[in-house]
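Numbering (the UniProt record's numbering), first residue to last: 4 to 226. Even for Gly, the Cβ is constructed at its ideal location relative to N, Cα and C. Okay, so here's the structure we're looking at.
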Ligand code: C5P
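See the structure below:
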């Protein structure tokens, strides 16, 4: 494959989503938010009454996801449609993130979403955001970045986001959730969250978004 891919992996709250959008916009590349596919699978399953133990049901749902990602103005998250329904807000809830992380631990579900993710690789290039972009989905990606931040900083960022959205939560509860999610994502048997051997690790703790963007662009050889 000649089409370049910039793989950006890391834990939730590391700023991957925002950075991926900014890099894609700067380079005029396509964008893959792979976490959204797991969130959509979890949401569709929940709406169809399919439980976490029904692996065949989950695989069917994952294989038949009818989704569209619509472009939005800079800074706004992409609008996500499922079966024509706007589910942008529904897939961003804490519950959906939790369910996504459970669904994502099932290898058969990951297999069902594999080719769909690779299909996003189109000219002039792709910026792909996830947990296993550099290790499993695009092992030949010329640029692999692993973006991290301390759990405390990630909880703090999420706390501020939720406050801005008018949701009042306890920061301690968020920190607990982040630790539990990290633990599940890093210690699962299928595609565990870890840096690819050839990934460049960037720690965003204490850095502004602009500072992280410059580091990522430099790592991508595009600064
Ligand atoms: O990145 P995001 O928080 O939207 O991902 C939701 C969940 O989906 C993660 O907690 C992770 O368990 C799972 N995921 C994954 N592999 C990816 C992207 C997300 O397992 N490539």
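Proximity below 8 Å, CB of residue i to CB of residue j
i	j	result
residue 130	residue 208	no
residue 157	residue 174	no
residue 18	residue 212	yes
residue 10	residue 147	yes
residue 123	residue 30	no
residue 205	residue 223	no
residue 25	residue 210	no
residue 145	residue 7	yes
Sequence-distant residues of its chain with Cβ nearer than 6 Å to residue i (five each side left out)
i	result
residue 55	105
residue 136	10, 12
residue 115	62, 65, 66
Identity of the residue in the options nearest residue i by Cα
i	options	result
residue 176	162, 42, 128	162
residue 195	124, 127, 167, 108	108
residue 103	166, 7, 65, 219	65
residue 47	33, 206, 87	87
residue 99	45, 187, 165	45
In DSSP terms, what residue i is bridged to
i	result
residue 72	83
residue 8	129
residue 149	12, 204
residue 122	Residue 122 is not bridged to any residue.
residue 88	85
residue 36	132
Inter-residue spacing [alpha-carbon to alpha-carbon] between residue i and residue j
i	j	result
residue 117	residue 140	7 Å
residue 227	residue 183	What is shown of the chain runs 4 to 226, which leaves residue 227 out entirely.
residue 27	residue 52	36 Å
residue 169	residue 5	45 Å
residue 154	residue 92	24 Å
residue 101	residue 127	34 Å
residue 191	residue 150	19 Å
residue 62	residue 198	27 Å
residue 167	residue 97	15 Å
residue 200	residue 138	8 Å
residue 121	residue 133	13 Å
residue 171	residue 178	14 Å
residue 113	residue 59	13 Å
beta-carbon residue i near ligand 2 non-hydrogen atom, thresh 7 Å
i	result
residue 41	Ligands in the displayed structure: ligand 1; ligand 2 is not one of them.
Cβ neighbours of residue i in the same chain (closer than 8 Å, five flanking residues each side left out)
i	result
residue 43	68, 70, 83, 85, 90, 94
residue 185	14, 15, 154, 196
Cut-off 7 Å between Cβ atoms - residues of its own chain near residue i, not counting five sequence neighbours on either side
i	result
residue 74	81
residue 160	16
residue 110	193
residue 49	102
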